[in-house]
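Chemist: As given, the protein sequences belong to chains A and B, one line each in that order.
Read in order, the letters of the first sequence correspond to residues 1100 to 1539 in the working numbering.
Read in order, the letters of the second sequence correspond to residues 1100 to 1539 in the working numbering.
For every residue, glycine included, the Cβ atom is placed at its ideal position computed from N, Cα and C.
Below you will find the structure I want to go over with you.
Protein chains: 2
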Amino acid sequence: MFNPFKKQKIETKPLSGFTELLPDEQIAFNTIRDSVKQTYEMFGFLPIDTPVLERADVLLAKAGGETEKQIYQFTKGDTELAMRFDLTVPLARYVAEHYNDLVFPFRRYAIGKVYRGERAQAGRFREFYQCDIDIVGEVNLDLRNDAEIPNIIYTIFKKLDFGPFTIRINNRKIFNGLFSALSVADSGPLMQVIDKLDKIGISEVTKELENLSLSTDQIEKIVSFIAITGTTEEILAQLRALNIQDEQFITGVSELEEVMRLVYQYGVPEDYAVIDLSIARGLDYYTGTIFETKLSNYPDIGSVCSGGRYDNLASSYTNKKLPGVGASIGLTRLFDQLLKKGVIIPNVQTSTRVLLVPTTDSDKEALTLATTLREKGIPAEISFTNGKVKKSMSYVDKLNIPFVVLIGEDEIASNTYMLKNIKTGEQNAWQIEELLKKIS
Amino acid sequence: MFNPFKKQKIETKPLSGFTELLPDEQIAFNTIRDSVKQTYEMFGFLPIDTPVLERADVLLAKAGGETEKQIYQFTKGDTELAMRFDLTVPLARYVAEHYNDLVFPFRRYAIGKVYRGERAQAGRFREFYQCDIDIVGEVNLDLRNDAEIPNIIYTIFKKLDFGPFTIRINNRKIFNGLFSALSVADSGPLMQVIDKLDKIGISEVTKELENLSLSTDQIEKIVSFIAITGTTEEILAQLRALNIQDEQFITGVSELEEVMRLVYQYGVPEDYAVIDLSIARGLDYYTGTIFETKLSNYPDIGSVCSGGRYDNLASSYTNKKLPGVGASIGLTRLFDQLLKKGVIIPNVQTSTRVLLVPTTDSDKEALTLATTLREKGIPAEISFTNGKVKKSMSYVDKLNIPFVVLIGEDEIASNTYMLKNIKTGEQNAWQIEELLKKIS
């Protein structure tokens, strides 16, 4: 928008990588966020809400490599501060801090903004919402909890109705066992390469593996392993057929088998939960089950919900052993992408159900009626346009308000209200009881 | 909690001035926040959600004095960043930025965290929730909007049920007009002193006024003015009786009279909305109506909801004239204080209505039942304790879960579920249809 006078004024665009929505988009966003929250509560997860700012050392204890560079970090007074870059590290600190006041297994959800000063890039956000669930156990956490997470993911995305999706499930122990059987010393960099399979394809992954100074034999075995496909049963059979005599590998396969069995037992259809041996999740702290979720119609969005099992959540903060399993939805990116693709179409402009328009100087009736309507749970607004009905109707039109009540001299005299249904054009005078029925 | 091994571990307490709640407290907090949100929507306000981080110049344009010193400000790359210290300045920027896409009068609410690096002090927070509403007009905004805000405040606090409260209403023009009639050049510092009346009392205020180099005559008139009390009608009569021939003063009195008339018209009882000439609101940008709200039983909390009218919201960002009126609830402090006083008693531990306890090795029935219950809208959890019923019952007890379903061999054989009502101790076997009825 060109505005010659605006030059001296301060720039009003949000910072690059930060986003804000128009009200109708915000309503659509909130509807999705509330739906996720509702499902989390349906599964008995408890809400927590930790500070956005933490002591820098709290966050740095768990961050590393790329993440550390991205942290918004600064000093105020003599305290080193940092903005949280995820909701998992604050959870770890929270559980360590409030250990004695929590009931285990501790099932918590958190929905909040996190911050990563990434290089500006299309579709990347520096401030974004994460919606996290985690189940944290004391010393032990039954494997059946791992199976609950895909069930929750299924319930959420089924309800959100963005078309078919697949929850891809794997187990880190299978990788680790394989590497151990192949005598690969450091599996970390290797897994990070494999994790890129979806993004860069098998030939690029092979190239990157070569850079890691692996033998041709090792690379071949790894590549043929990650190429295993089929139904859940077929994949499990092929894994067993590899006949790898490594304890971790064997545990990983049987954990994966058990998790899949339970996920289907919960009622998740086989199309929606599959084994995908190619997923590895870049983050190093996962130790068992890992998940990713992809929307079948929009594969370019990447994983919309990822997570996994970690053996020891809070080791930087406490000596208590706290194993956990969880998942996170990156809601800002998901919403942004689906909005751009036209999958999410904001169609609610306001919560207001009725606009009251006094057409005389008397506002008494409109004010009293507004209070009555709101007491009955009907969101109402009053148009203070001093009888300019046309202006009021334009407001109704723009905000898509379904009903208008006109209150003029005749109505006041006859103790009625003129109700107009905007959609049908119908217009009738009603007494209060009838009016309430018509609107609600 | 003493833990000899913890020394090497990282400190897990939140930063001073930052707070986090235990799950039951968080549920109580969220209930209040949702109630406020619901009322805002009942009045037709639209949600917006702006970034926590802004360009420093955006925030500094509107901050001044004490506020500026409190801003969390830092540099990332070559950008000067700052964390928002309120939700009003971001609103101003938002309205300037999205002017062409908004419908005026623009009624928006925002609920979010703001940041002020204040000196640590009991009951002061450096991160806290504000719940804001504002009505922003284009060029003009009818005075009737001013009266809507106290009506909303009334509705909110009536619903929250923290006992009686008073919304104190004043108008800045009355002060300004008085000062102009008394030939006081700079009213800013004077108002800031008067604003402290409630905190420091009349004699301290008088002293501070003396420091402002006012004449004894001026001080006397000011003090006797701010001492005016009585019913709404009596106060208005006394104001008129002062016979001050200043245009602003006269406008202020008639605006105040009109606002009070409308507030009562909405149905706010006279006990709950009163004129209080002593309130001035420290912030300089208010230009007309101003509000504060005090809980009668807890006066030491101070104002729990304050706001007012400003003639030109976004003058730093746009040349458009955008008058507005709004109010803000400082929710974190309010909650914290009422929690400490025992007015808010967290009594909900979890959303879970029923815990399913498999007492055999078979988890099939529990998993299927969990899905059925959740599909019917009944929040359910499964106890994965491998038949350790005692452990399950302790979990139920701690989280105050109302129902338990035991699923053992007998139940599986007879296709029933053993339902235990924790409150009554009643225990019966039911088939699925009956079970659903009993729990929901």
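Counting only Cβ-Cβ distances shorter than 7 Å, please list the residues of the segment 1236–1251 of chain B near chain A, keeping chain order.
Modeler: The segment 1236–1251 of chain B vs chain A, Cβ under 7 Å: D1241, R1243 and N1244.
Chemist: Quick one: which residues of the segment 1434–1454 of chain B get their C-beta closer than 7 Å to a C-beta of chain A? List them in chain order.
Modeler: Listed by position, the residues of the segment 1434–1454 of chain B near chain A (Cβ gap below 7 Å) are T1449, S1450 and T1451.
Chemist: Specify the secondary structure class of D1177(B) as computed by DSSP and reduced to three states.
Modeler: Reduced to three states, the DSSP call for D1177(B) is coil.
Chemist: Tell me the rounded alpha-carbon separation between I1268(B) and T1166(B).
Modeler: Cα-Cα distance, rounded: 24 Å.
Chemist: Within 8 Å of any Cβ in chain A, is that where the Cβ of G1366(B) sits?
Modeler: True, the Cβ-Cβ gap to chain A drops below 8 Å.
Chemist: How far does the alpha helix (DSSP H) with K1258(B) in it reach, from first residue to last?
Modeler: Here the alpha helix (DSSP H) through K1258(B) covers R1243 to L1259.
Chemist: Round the Cβ separation of P1122(A) and R1207(B) to the nearest angstrom and send it over; I've been treating them as touching at under 8 Å.
Modeler: At roughly 7 Å, the Cβ-Cβ gap stays under 8 Å, so P1122(A) and R1207(B) are in contact.
Chemist: Bridge partners for Y1228(A) per DSSP, in chain order?
Modeler: In the DSSP output, where bridge partners are listed per residue, Y1228(A) has K1212(A).
Chemist: So who's on the other strand from Q1172(B), going by DSSP bridges?
Modeler: Bridge partners of Q1172(B): A1181(B).
Chemist: One question on the structure: do E1356(B) and T1388(B) come within less than 8 Å of each other, judged by their Cβ atoms?
Modeler: Cβ atoms of E1356(B) and T1388(B): not closer than 8 Å.
Chemist: With 8 Å as the limit, tell me which residues of the segment 1147–1160 of chain A have their beta carbon closer than that to any beta carbon of chain B; keep them in chain order.
Modeler: Listed by position, the residues of the segment 1147–1160 of chain A near chain B (Cβ gap below 8 Å) are I1147, D1148, T1149, P1150, V1151, L1152, E1153, R1154, D1156, V1157 and A1160.
Chemist: Below 7 Å between beta carbons is the criterion; list the residues of the segment 1398–1414 of chain A that meet it against any residue of chain B, in chain order.
Modeler: Those would be none; no residue qualifies.
Chemist: Below 8 Å between beta carbons: does that hold for K1490(B) and V1503(B)?
Modeler: No; because the gap between Cβ atoms is not below 8 Å, this pair is not in contact.
Chemist: What do you reckon, are the CB atoms on S1405(A) and K1393(A) nearer than 8 Å?
Modeler: Cβ atoms of S1405(A) and K1393(A): not closer than 8 Å.
Chemist: Quick one: what's E1391(B) bridged to in DSSP?
Modeler: E1391(B) pairs with R1267(B).
Chemist: Assuming the contact rule is C-beta atoms closer than 8 Å, G1287(A) and F1348(A) should be a hit. Round their C-beta distance to whole Å, please.
Modeler: Not really, about 18 Å apart at Cβ, beyond 8 Å.
Chemist: Can you tell me which of T1471(B), A1127(B) and T1138(B) puts its alpha carbon nearest to the alpha carbon of R1473(A)?
Modeler: Among T1471(B), A1127(B) and T1138(B), the Cα nearest to that of R1473(A) is on T1138(B).
Chemist: Once DSSP output is grouped into helix, strand and coil, what is the label at I1506(B)?
Modeler: It is a strand residue.
Chemist: Using CA coordinates, which residue listed in T1523(A), I1481(A), Q1530(A) and Q1526(A) is at the minimum distance from A1246(B)?
Modeler: It is I1481(A).
Chemist: For A1396(B), count the other beta carbons within 10 Å of its own beta carbon; 16 or more makes it buried, fewer makes it exposed. Which is it?
Modeler: Note on residue identity: the sequence assigns Asn, not Ala, to residue 1396(B). Exposed: under 16 other Cβ atoms inside 10 Å.
Chemist: L1120(B) by DSSP, collapsed to three states: which one?
Modeler: Residue state, collapsed to three classes: coil.
Chemist: Let me confirm a value: R1154(A) is counted as buried when at least 16 other C-beta atoms fall within 10 Å, else exposed. Which label applies?
Modeler: So R1154(A) ends up on the buried side.
Chemist: Suppose you measure from the CA of L1180(B) to the CA of F1264(B); what does that come to, to the nearest Å?
Modeler: Their Cα atoms are separated by approximately 39 Å.
Chemist: Thinking C-alpha only, which one of L1468(B), Y1384(B) and T1417(B) is nearest K1161(B)?
Modeler: With distances taken between Cα atoms, K1161(B) lies closest to Y1384(B).
Chemist: Would A1426(B) count as contacting chain A if we go by Cβ distances under 8 Å?
Modeler: Closer than 8 Å: no.
Chemist: Determine, using beta carbons only, whether N1514(A) comes closer than 8 Å to chain B.
Modeler: Output row for N1514(A): interface = no.
Chemist: Can you list the residues of chain A that N1129(B) reaches, using a CB-CB cut of under 9 Å?
Modeler: In chain order: P1146 and D1148.
Chemist: Quick one: grab the DSSP three-state call for K1489(B).
Modeler: Helix.
Chemist: So, does the CB of Y1193(B) fall closer than 8 Å to a CB anywhere in chain A?
Modeler: Yes, Y1193(B) lies at the interface with chain A (some Cβ there is under 8 Å from its Cβ).
Chemist: Who are the near neighbours of N1411(A) in its chain, counting only those whose CB is closer than 7 Å to its CB and skipping five residues on each side?
Modeler: Cβ within range, chain order: K1420, L1421 and P1422.
Chemist: Check whether the segment 1365–1377 of chain B and the segment 1331–1351 of chain B are in contact - that is, three or more C-beta pairs closer than 8 Å.
Modeler: Yes: at least three Cβ pairs fall under 8 Å.
Chemist: Going by C-alpha distance, which of A1528(A), D1148(A), L1313(A) and Y1228(A) is nearest V1194(A)?
Modeler: Nearest option by C-alpha distance: D1148(A).
Chemist: In terms of alpha-carbon separation, which member of D1177(B), I1126(B), L1114(B) and P1150(B) lies closest to E1119(A)?
Modeler: Nearest of D1177(B), I1126(B), L1114(B) and P1150(B) to E1119(A), Cα basis: P1150(B).
Chemist: Could you give the DSSP three-state label for P1189(A): helix, strand or coil?
Modeler: The answer is helix: DSSP assigns P1189(A) an H, G or I state.
Chemist: Label D1231(A) either buried or exposed according to how many other C-beta atoms from any shown protein chain fall within 10 Å of its C-beta, with 16 as the threshold for buried.
Modeler: When all chains shown are included, D1231(A) counts as buried.
Chemist: Do L1498(A) and A1479(A) have their CB atoms nearer than 8 Å?
Modeler: No; because the gap between Cβ atoms is not below 8 Å, this pair is not in contact.
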